[in-house]
Each structure stands twice: as C-alpha cells, then as structure tokens.
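Protein chains: 2
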Amino acid sequence: MDNLTIANWFTKTSLLATAAEGEGSENGTLVIAAVLLSLVFIYLASKIGGEICARINLPPVLGELVGGVVIGVSLLHLVVFPETGSNPETSTLMRILSLTADLSPQAAESIFATESEAITILSELGVIILLFEIGLESDLKELIRVGPQAAIVAVVGVIAPFAAGTAGLIYIFHLPAIPAIFAGAALTATSIGITAKVLAEIGYLSSKEGQIIIGAAVLDDILGIIVLAVVASLAKTGEIQVTNIIYLIVSAATFLVGAILLGRFLTPFFIGLVEEMKTRGQLLITSLIFGFFLAYIANVIQLEAILGAFAAGLVLAETEKREELEEQIIPIADFFVPIFFVCVGAKTNLNVLNPAIPSNREGLIIAAFLIIVAIIGKVIAGFGVFGQEKLNKLAIGVGMVPRGEVGLVFAGVGAASGALSPAVDTAIIVMVIVTTFVAPPLLRVVFRQGTASQEESLSTSTDK
Amino acid sequence: MDNLTIANWFTKTSLLATAAEGEGSENGTLVIAAVLLSLVFIYLASKIGGEICARINLPPVLGELVGGVVIGVSLLHLVVFPETGSNPETSTLMRILSLTADLSPQAAESIFATESEAITILSELGVIILLFEIGLESDLKELIRVGPQAAIVAVVGVIAPFAAGTAGLIYIFHLPAIPAIFAGAALTATSIGITAKVLAEIGYLSSKEGQIIIGAAVLDDILGIIVLAVVASLAKTGEIQVTNIIYLIVSAATFLVGAILLGRFLTPFFIGLVEEMKTRGQLLITSLIFGFFLAYIANVIQLEAILGAFAAGLVLAETEKREELEEQIIPIADFFVPIFFVCVGAKTNLNVLNPAIPSNREGLIIAAFLIIVAIIGKVIAGFGVFGQEKLNKLAIGVGMVPRGEVGLVFAGVGAASGALSPAVDTAIIVMVIVTTFVAPPLLRVVFRQGTASQEESLSTSTDK
Numbered sequence: 006m007d008n009l010t011i012a013n014w015f016t017k018t019s020l021l022a023t024a025a026e027g028e029g030s031e032n033g034t035l036v037i038a039a040v041l042l043s044l045v046f047i048y049l050a051s052k053i054g055g056e057i058c059a060r061i062n063l064p065p066v067l068g069e070l071v072g073g074v075v076i077g078v079s080l081l082h083l084v085v086f087p088e089t090g091s092n093p094e095t096s097t098l099m100r101i102l103s104l105t106a107d108l109s110p111q112a113a114e115s116i117f118a119t120e121s122e123a124i125t126i127l128s129e130l131g132v133i134i135l136l137f138e139i140g141l142e143s144d145l146k147e148l149i150r151v152g153p154q155a156a157i158v159a160v161v162g163v164i165a166p167f168a169a170g171t172a173g174l175i176y177i178f179h180l181p182a183i184p185a186i187f188a189g190a191a192l193t194a195t196s197i198g199i200t201a202k203v204l205a206e207i208g209y210l211s212s213k214e215g216q217i218i219i220g221a222a223v224l225d226d227i228l229g230i231i232v233l234a235v236v237a238s239l240a241k242t243g244e245i246q247v248t249n250i251i252y253l254i255v256s257a258a259t260f261l262v263g264a265i266l267l268g269r270f271l272t273p274f275f276i277g278l279v280e281e282m283k284t285r286g287q288l289l290i291t292s293l294i295f296g297f298f299l300a301y302i303a304n305v306i307q308l309e310a311i312l313g314a315f316a317a318g319l320v321l322a323e324t325e326k327r328e329e330l331e332e333q334i335i336p337i338a339d340f341f342v343p344i345f346f347v348c349v350g351a352k353t354n355l356n357v358l359n360p361a362i363p364s365n366r367e368g369l370i371i372a373a374f375l376i377i378v379a380i381i382g383k384v385i386a387g388f389g390v391f392g393q394e395k396l397n398k399l400a401i402g403v404g405m406v407p408r409g410e411v412g413l414v415f416a417g418v419g420a421a422s423g424a425l426s427p428a429v430d431t432a433i434i435v436m437v438i439v440t441t442f443v444a445p446p447l448l449r450v451v452f453r454q455g456t457a458s459q460e461e462s463l464s465t466s467t468d469k
Numbered sequence: 006m007d008n009l010t011i012a013n014w015f016t017k018t019s020l021l022a023t024a025a026e027g028e029g030s031e032n033g034t035l036v037i038a039a040v041l042l043s044l045v046f047i048y049l050a051s052k053i054g055g056e057i058c059a060r061i062n063l064p065p066v067l068g069e070l071v072g073g074v075v076i077g078v079s080l081l082h083l084v085v086f087p088e089t090g091s092n093p094e095t096s097t098l099m100r101i102l103s104l105t106a107d108l109s110p111q112a113a114e115s116i117f118a119t120e121s122e123a124i125t126i127l128s129e130l131g132v133i134i135l136l137f138e139i140g141l142e143s144d145l146k147e148l149i150r151v152g153p154q155a156a157i158v159a160v161v162g163v164i165a166p167f168a169a170g171t172a173g174l175i176y177i178f179h180l181p182a183i184p185a186i187f188a189g190a191a192l193t194a195t196s197i198g199i200t201a202k203v204l205a206e207i208g209y210l211s212s213k214e215g216q217i218i219i220g221a222a223v224l225d226d227i228l229g230i231i232v233l234a235v236v237a238s239l240a241k242t243g244e245i246q247v248t249n250i251i252y253l254i255v256s257a258a259t260f261l262v263g264a265i266l267l268g269r270f271l272t273p274f275f276i277g278l279v280e281e282m283k284t285r286g287q288l289l290i291t292s293l294i295f296g297f298f299l300a301y302i303a304n305v306i307q308l309e310a311i312l313g314a315f316a317a318g319l320v321l322a323e324t325e326k327r328e329e330l331e332e333q334i335i336p337i338a339d340f341f342v343p344i345f346f347v348c349v350g351a352k353t354n355l356n357v358l359n360p361a362i363p364s365n366r367e368g369l370i371i372a373a374f375l376i377i378v379a380i381i382g383k384v385i386a387g388f389g390v391f392g393q394e395k396l397n398k399l400a401i402g403v404g405m406v407p408r409g410e411v412g413l414v415f416a417g418v419g420a421a422s423g424a425l426s427p428a429v430d431t432a433i434i435v436m437v438i439v440t441t442f443v444a445p446p447l448l449r450v451v452f453r454q455g456t457a458s459q460e461e462s463l464s465t466s467t468d469k
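Read top to bottom, the protein sequences are chains Z and E. Here the first sequence is numbered in the numbering used here, starting from 6 and rising by one per residue. Here the second sequence is numbered in the numbering used here, starting from 6 and rising by one per residue.
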C-alpha cells in the first residue's frame with residue numbers, strides 16, 4: 006500500500022486542507038462540499054418549481070424542469086456542466102464555493118469536473134430508478150394485452166413524424182437529404198421518463214391508456230435506438246449497415262423477453278431468499294441488485310440501462326412483495342428522480358429560443374414546422390389504435406409527444422457527424438424543448454377532458 | 006450552446022457508441038455501466054457478508070466490512086480505487102467491462118477514474134446519511150443530560166491513549182518525538198460511524214450507554230480535528246499554531262450550538278411549510294435540504310460534513326415529524342450506508358498484516374503495542390464516567406475503540422508529511438484495521454454481558 010496515497014484514503018476530513026495541504030485531499034473534501042451544495046440547489050429548485058406547478062394545476066414534473074432551467078445554464082448557472090459549455094469561471098456554484106472555502110483556480114477546474122460528473126451519475130441513477138419504479142407500478146399482463154395496440158402507436162409514431170418531417174424539410178425548406186433525414190429521425194423519439202412521471206402524478210399510470218403509452222414508449226425507445234443507428238451510419242458511410250440493425254433488433258427482443266421469462270422463473274427463488282434474510286433492507290437491496298444488474302446488461306448490449314431497470318421492475322411487480330417494495334422504493338425515487346428532471350432542465354439552453362440572435366432566426370422558422378409535425382405525428386399515432394371506442398386516443402397521442410433527452414441525443418449525434426447546419430440543429434433543439442415542456446400540461450388537459458368523470462379522484466391523487 | 010458538445014448532453018444512449026463513435030459519449034455510457042456493476046458487487050458483498058455475520062451472531066456491519074475486504078484491494082480487486090494504488094489493469098471490474106463491452110485502454114483510464122470518484126462520492130453520501138439517521142434516532146435532551154459524562158469519556162479517551170502511546174514509543178521503542186506524537190495522535194480517533202451502526206443493530210442506540218458513546222464520539226471527532234491540526238502543524242513547522250486551534254474550537258462550538266438553537270427556532274416554520282406542501286417527498290426532501298446544507302456548512306468551516314448531518318438529524322428528531330421521517334430515511338440509508346462500509350473494507354489493504362513481507366515485521370511489533378494501548382486507553386475512558394453505578398462502563402469504553410477511517414486519515418497525513426517511517430506507518434494502519442474489525446463483535450459481547458436480562462429482546466431487534 007503506497008502510504009503517500011493514504012492521505013487520499015478517505016477524502017473525508019476537512020482538516021487535511023489546513024493541516025497537510027495535500028492537494029488531492031483538499032479537492033476530495035471540496036468535491037463533497039460541491040456535491041452537497043449542488044443537491045441543496047437541485048432540491049430547492051425541484052420543490053419550489055413543483056409546488057408552484059401543483060398550485061396552478063400543472064404537473065409538478067414541469068415545475069422540476071423549469072426549476073432546473075432557472076438554476077441551470079440558461080439563467081443562474083448554479084448547476085451547470087462542462088458538456089453545455091460551462092467552466093469553473095461561469096459556474097455560480099464554484100464562485101460560492103471559492104467565497105466560502107479556499108479554492109485555487111487549478112483545484113476549481115478539477116472540482117468542477119468531478120462535481121459535474123457526480124451529479125450526472127446521480128441523475129442517471131435517477132432515471133434508472135424512475136423506470137424501475139414505473140416497471141414496478143406497471144402490469145405485465147396488461148402490457149402484453151395492450152401490446153399490439155402499443156406497437157401500432159409506436160410504429161405509426163415513428164413513421165408519421167419521420168416521413169412528414171423529412172419530406173417537408175426537403176420539399177418546403179429545400180434541405181439536402183441527409184440533414185432532413187436526421188431532423189426527421191429526431192422527431193421519432195419519445196421521452197418515456199417525462200410521460201411516465203406525469204401519468205403517475207395524475208394517477209393514470211395503470212389505466213389502459215397509461216399502459217398503452219408506457220408500452221409504446223418502451224418500444225419507441227428501442228425503435229429510436231435502431232433509427233439512430235441507421236441514420237448515423239447513413240450520415241457517416243452513406244449506406245445502411247444491415248447487420249448492425251439486425252443485431253439491435255434481435256438483442257432488444259431477446260433481452261426483453263429473456264429478462265421477463267428468466268425473471269419469472271427465478272421469482273420464487275428470489276422471494277424465498279428474501280424471506281430467509283435477516284439484515285436490514287433485505288428486500289430493497291436484493292431487488293436493486295436485480296434491477297442494477299439488468300440495467301448493466303441492457304447497457305453493455307447497446308440498449309439502454311433504463312430498459313433493464315424497467316424490465317426488472319416489471320418482473321418484481323409480479324411477486325407478492327410488490328407492495329412492500331413499492332413502499333420502500335418511493336423514498337429512493339424521491340431522492341434520485343428530481344435530480345434527473347432538474348438536470349434535464351439545467352442542461353437546456355434557452356438561448357436558442359432568442360430571436361434577437363440572428364443565427365437563431367432561420368432555425369426558429371424550421372423549428373415551428375418541426376414542432377407542428379412533432380405534435381401532429383404523435384397524435385395521429387394515438388388515433389392509430391384500433392378497436393375499442395372507449396379509449397382516450399387523443400391522450401395516448403399526446404402522451405408520446407415529449408422528446409426530452411432522447412431527442413437531444415439525435416441533435417447531438419447529428420451535430421457531431423457534421424451533417425447538420427447550425428439552423429437545423431437549433432431547430433431540432435427548439436422542437437425538443439417545446440415538445441418536452443408543452444406535453445405535461447397538455448397531457449393533463451386531455452386526460453381530464455376525455456374522462457371528466459374521474460376528475461374528482463385526480464385532485465386527491467396528485468396531493469400524495 | 007456549442008452544438009458539438011450536445012453529443013454529450015445526456016450521456017445516456019449506448020447507441021452513440023455504435024452510431025457516432027463519439028469518444029465522450031461512449032465513456033459516459035460505460036461510466037454508468039461501471040457504476041451499476043460496482044453497485045451490484047457492493048450490494049452483493051454487503052448482503053452476503055451481513056447475512057453470514059447475522060447467522061454466526063456477529064454484527065452485520067462487520068460482515069459488510071469483511072465483504073468489502075473480499076471484493077476490494079486485498080483480494081478480488083472488483084471495487085478498487087486509484088488512491089489505494091489500483092489502476093484499470095489491476096481492476097477486475099474494468100476487465101469484466103472490457104470483456105462485456107468494447108473498451109479502449111485510454112477510455113479504460115478515464116472510466117476507471119470517474120467510476121472510482123462516483124463510488125467514493127456515493128460512499129461519502131452514505132456516511133453523511135448514516136449520521137443524519139443516527140441524529141434522528143438520538144435524543145437531544147438525553148445527549149445534553151449525558152453531556153458531562155460524554156465529555157469525560159471523550160477527553161480521557163483522547164489523553165490516555167495519546168500519552169501512553171507517545172511515551173511508550175519514545176521510551177520502549179526509542180522513536181523520535183515527532184513520529185511518536187503522530188502515532189499517539191492516531192490512537193485518539195474514534196469512528197463514530199461503525200460504533201453507531203453496531204449500537205443501532207443491537208438495539209442499544211437510545212440506551213444511556215449508547216447516548217454517552219454517541220455524544221463522546223461526536224466530541225471525539227471534534228477533538229480529533231483539533232489534535233490532527235496541532236500535530237500536523239507541529240510536524241510541518243515545528244511549532245503549534247495557536248490561532249488555528251482557537252479557530253477550530255470556536256467554530257466547532259459555535260456550529261453545533263448555533264445549528265441546534267437555530268434549528269429549534271426554525272422548526273415550527275419547517276413543519277408548517279411541509280404541511281402546506283402538495284408534492285411527493287415533501288418531508289424527505291425538505292429535511293434533506295436542511296441536512297445537506299448543514300453538512301455543507303460544517304465542511305467549509307473546516308469541520309466534517311458528518312457533524313452537520315448529525316446536527317440536522319438531532320434537530321429534526323425534536324419535531325412531531327420524527328417518526329414519519331425516520332421511516333422514509335430507512336430505505337435511503339439502506340441504499341447508501343452499505344456503500345460506505347463496503348468501501349471502507351475495500352480500501353483496506355490486508356497486505357500490511359502479512360509477516361512474510363520483511364518490511365512489515367518491525368511495524369507489526371509496534372502495531373501490537375499500539376493495539377493494546379488503543380483498546381486499554383479507550384476502556385479506561387469508559388471507566389472515567391463518574392456517578393451512576395448502574396452504567397455498563399466497559400461497554401462505553403469498548404464503544405470508543407474502532408478507529409475506522411478517521412485513524413487512517415492520521416496515518417495518511419503523517420505519511421504525507423514525511424515524518425513517519427514505513428514501520429510506524431504500517432503499525433498505525435494495522436492498529437486501525439484491528440480496532441475497527443474487533444470492536445463490533447466485542448461491543449456486542451460486552452453489551453450482552455452487562456445487561457444479560459435484555460438478551461431476549463436483542464435477537465429480535467437484530468432481525469429487523
């Protein structure tokens with residue numbers, strides 16, 4: 006054991022800073038200070054935003070997003086990230102830290118980087134735990150029952166906006182094919198996190214419409230992965246790598262079916278094990294081991310970690326421990342999930358909406374077109390559901406509208422490939438922002454409209 | 006917004022790795038995979054270790070420590086850290102990752118660094134939340150009532166091992182004054198985390214003995230900060246900086262008294278606010294804002310974050326929301342606290358215990374002396390409690406024995422200052438390991454001995 010490095014062994018003591026002036030230790034201590042302060046601001050933003058929205062009858066999650074915008078790169082710069090062009094000098098948090106603690110410029114650099122990475126990881130754990138919770142609150146049998154309908158919604162919701170968007174950009178805006186296809190592809194995404202959270206908030210997650218939306222959003226996530234792989238390889242090599250696409254489709258199908266089948270097979274063993282355990286947190290930790298393991302598997306086979314967490318939640322929902330686990334996961338979700346939504350808001354740069362910036366103008370015009378296609382394309386998908394007249398089809402379509410972080414990934418890949426002009430890139434980002442922020446209140450309105458009789462129960466279920 | 010950096014905007018999609026081959030995004034995706042896999046191993050180690058210990062009638066926390074040793078730098082290298090001399094090549098986790106996912110050597114370097122930092126931060130949040138929970142389960146009035154006794158235990162527990170250790174090293178082992186003083190200082194520490202966890206596990210946290218131990222451990226933490234500042238400045242400049250010491254004493258006293266007074270004053274306002282809130286997690290998040298803020302303040306005024314979290318828990322325990330909050334904090338603690346204990350174990354390098362390594366031998370002899378002084382010094386402190394014959398004084402002393410991470414910080418600062426020979430440094434580390442791992446079972450034995458009548462209730466309370 007290299008003894009010189011033991012000074013960093015546990016970077017917990019502030020005294021090291023005064024006493025030994027060990028650079029690494031000082032950083033370690035200030036990193037945790039920076040993380041704690043970030044969490045304080047994130048929680049303040051989420052609670053203030055959420056409470057305001059709850060009072061003016063908007064979904065609290067919209068308040069968390071807006072709270073994130075306020076403390077993020079657009080306004081206060083309290084919670085900012087290197088990825089969005091921030092640095093220690095522009096970070097208000099780092100300025101507060103250097104006012105309250107001794108902080109050299111070099112130390113500020115590394116503390117800012119580590120703190121940003123830590124908050125990003127906490128926010129990613131947030132969306133993983135959110136999808137685990139959503140899986141736990143979903144009904145596998147119901148999901149399978151609505152599977153064909155969800156598949157229609159997902160497929161139409163991918164094809165309609167993609168075709169309309171790409172064609173419109175080529176024929177109306179005279180864009181070259183590659184950027185038009187990219188922008189069209191960005192229109193296919195659905196942010197499962199935002200929709201699922203709103204559905205849970207208004208108490209419609211386990212409704213038939215809710216389960217169709219969740220099923221379609223999960224399928225859309227997989228379709229999105231495939232669409233992006235296609236578009237990106239098209240932009241890069243000019244041709245489509247068929248093997249890659251087949252691999253993605255097969256691995257996604259195998260994973261979801263395999264995880265659920267294997268999970269159901271192992272469930273009795275799992276329950277037996279938990280019953281036998283004697284230490285604190287036996288159910289919670291055993292479930293999280295399962296959830297995190299599936300998330301890891303999904304991640305390394307090129308799918309998304311959230312799909313694994315969702316599958317794990319779905320399997321555990323079938324067990325007799327469901328209610329107990331749901332109760333225990335609530336505080337964990339309350340801890341982590343706001344970090345995700347506030348960070349989504351904090352990373353959103355509203356400057357692209359400013360028409361005073363000349364370079365934004367062309368983008369804003371294209372954006373207006375993309376927004377219309379984005380909303381109509383998904384609403385059409387909702388009406389694509391066959392049979393059953395009683396379904397609130399408008400609500401299903403609206404539930405698919407928010408693009409969230411998934412849409413921005415398209416913009417990012419497009420920009421990185423060099424295929425997008427700044428105007429198209431701005432347009433995609435504006436479309437993502439508008440659909441993301443407009444969907445939660447819209448979703449609430451259409452659910453109320455369609456099922457006014459249930460309105461009574463809503464006001465109580467949101468107060469929980 | 007620099008559009009090129011949006012590829013990193015949300016580093017969530019694995020598809021970026023295949024599609025765009027964006028280096029940053031690929032790393033982001035694999036970082037979360039690495040963190041998820043680390044958590045799976047950490048939880049497996051904590052549960053397997055904890056369950057085995059629970060079955061052979063040892064405290065589960067010892068199992069978590071040993072589980073950490075098994076997966077850590079001493080054995081499996083699954084959860085290792087750059088601070089303990091590990092790198093991507095020696096990390097089993099990184100090898101698994103490179104087998105299951107595409108991983109270039111450069112990427113491995115940065116993923117390993119980020120993953121280690123993330124796990125370190127999660128484990129630090131773990132001890133902060135543990136102390137928050139301990140504060141919540143403590144009784145401020147009882148702590149104030151036992152204050153004088155706790156002060157005696159803390160002061161005697163600092164002076165006795167320090168004096169005996171330093172004198173013994175100088176007169177028996179003929180060490181120079183500075184290293185002898187350093188080793189003596191390392192003997193003064195107490196790991197509040199380990200003791201508090203064991204007390205909670207055996208159901209003695211709210212006993213009079215338990216509250217004296219907690220009070221003394223908190224005071225010991227503050228005394229430790231002061232002792233280390235004194236010793237380090239002595240080693241560095243050869244003289245004691247009186248102003249620094251006065252600053253530390255005044256700030257510690259002001260902080261603890263101020264936090265508690267201000268907290269009690271603000272409590273009715275806090276409860277009123279929580280009552281008014283309508284969104285999920287209102288009590289938990291509002292409490293965590295308070296706890297994390299105090300932890301941040303404690304950290305930046307050169308105290309320790311855990312003192313702030315403890316003070317926050319103590320204040321909130323006085324409110325009518327105590328029980329509700331305790332219930333909600335349990336899953337959060339179940340999530341975070343094992344990460345802390347497993348990491349303490351994982352960072353412990355048992356190689357220093359190997360007498361086959363020649364350079365360890367001199368250290369092991371000195372270590373034997375230090376261990377005896379470490380245990381006797383704290384046990385004497387327990388018997389220093391005046392009055393009340395009924396107290397289990399042996400248990401109080403034993404409760405102060407584990408040095409844990411605090412003791413290793415002394416070794417680290419000593420090594421960094423260059424004042425310690427390798428033998429003395431090894432001796433300190435061995436002393437810390439032995440006292441840390443021996444205290445939990447010892448504590449359980451002495452509590453049972455002293456109060457055999459309560460034994461019935463124990464077996465049930467540990468099963469929770």
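We put the CB at the ideal spot given by N, CA and C, even for glycine.
7 Å CB neighbourhood of residue i in its chain, flanking five on each side removed
{"i": "Z:Ile-337", "result": "Ile-134"}
{"i": "Z:Val-236", "result": "Ile-186, Phe-187, Ala-190"}
{"i": "Z:Ser-256", "result": "Ile-306, Gln-307, Leu-308"}
{"i": "E:Leu-130", "result": "Phe-341"}
{"i": "Z:Lys-213", "result": "Val-151, Leu-396"}
Any non-hydrogen atom of the ligand HEM closer than 7 Å to residue i Cβ
{"i": "E:Thr-242", "result": "With respect to small molecules bound, the structure shown includes none, and the ligand HEM cannot be examined in it."}
Buried/exposed call for residue i, threshold 16 Cβ in 10 Å
{"i": "E:Ile-177", "result": "exposed"}
{"i": "Z:Lys-202", "result": "buried"}
{"i": "Z:Gly-27", "result": "Because the pLDDT of Z:Gly-27 is 38, which lies under 50, any placement of that residue in the model is unreliable, and the question is left without a value."}
{"i": "E:Gly-263", "result": "exposed"}
Residue i versus residue j: straight-line alpha-carbon distance, rounded
{"i": "Z:Arg-366", "j": "Z:Ala-372", "result": "10 Å"}
{"i": "Z:Val-160", "j": "Z:Ser-238", "result": "21 Å"}
{"i": "Z:Ala-444", "j": "Z:Ala-221", "result": "16 Å"}
{"i": "E:Ala-172", "j": "E:Leu-204", "result": "33 Å"}
{"i": "E:Ile-335", "j": "E:Leu-293", "result": "13 Å"}
{"i": "Z:Ile-377", "j": "Z:Val-384", "result": "11 Å"}
{"i": "Z:Leu-233", "j": "Z:Ile-101", "result": "40 Å"}
{"i": "Z:Ile-164", "j": "Z:Leu-174", "result": "15 Å"}
{"i": "Z:Ile-37", "j": "Z:Phe-452", "result": "43 Å"}
{"i": "E:Gln-216", "j": "E:Leu-330", "result": "20 Å"}
{"i": "E:Ala-59", "j": "E:Leu-104", "result": "35 Å"}
{"i": "E:Ser-196", "j": "Z:Glu-120", "result": "26 Å"}
Same chain only: Cβ atoms within 6 Å of residue i, ignoring 5 sequence neighbours per side
{"i": "E:Leu-375", "result": "Ala-432, Met-436"}
{"i": "Z:Ser-128", "result": "Ile-344, Phe-345, Cys-348"}
{"i": "Z:Gly-90", "result": "none"}
{"i": "E:Gly-419", "result": "Phe-187, Leu-425"}
Residue i: first and last residue of the uninterrupted alpha helix (DSSP H) it sits in
{"i": "E:Lys-542", "result": "The structure shown has nothing for residue 542 of chain E, since chain E only spans 6 to 469."}
{"i": "Z:Tyr-252", "result": "247–281"}
{"i": "E:Thr-291", "result": "287–305"}
{"i": "E:Lys-326", "result": "That residue, E:Lys-326, is in no alpha helix (DSSP H); it is neither H nor E in DSSP."}
Neighbourhood of residue i by C-beta, 8 Å cutoff - its chain only, sequence neighbours within 5 removed
{"i": "Z:Ile-116", "result": "Asn-32, Leu-35, Val-36, Ala-39, Pro-93, Met-99, Leu-102, Leu-108"}
Query raised in the report: How do the region 341–356 of chain E and the region 67–85 of chain E stand: do at least 3 beta-carbon pairs fall below 8 Å, yes or no?
Result: By the Cβ rule, the region 341–356 of chain E counts as touching the region 67–85 of chain E, because three or more pairs are nearer than 8 Å.
Report task. Could you tell me whether the region 283–299 of chain E touches the region 38–48 of chain Z, where touching means 3 or more Cβ pairs closer than 8 Å? Result -> Taking 8 Å as the limit for Cβ pairs, the verdict is that the region 38–48 of chain Z does touch the region 283–299 of chain E.
Query raised in the report: When the Cβ atoms of the region 134–146 of chain E are set against those of the region 150–158 of chain Z, are three or more pairs found closer than 8 Å?
Result: Because the criterion of three Cβ pairs below 8 Å is not met, the region 134–146 of chain E and the region 150–158 of chain Z do not touch.
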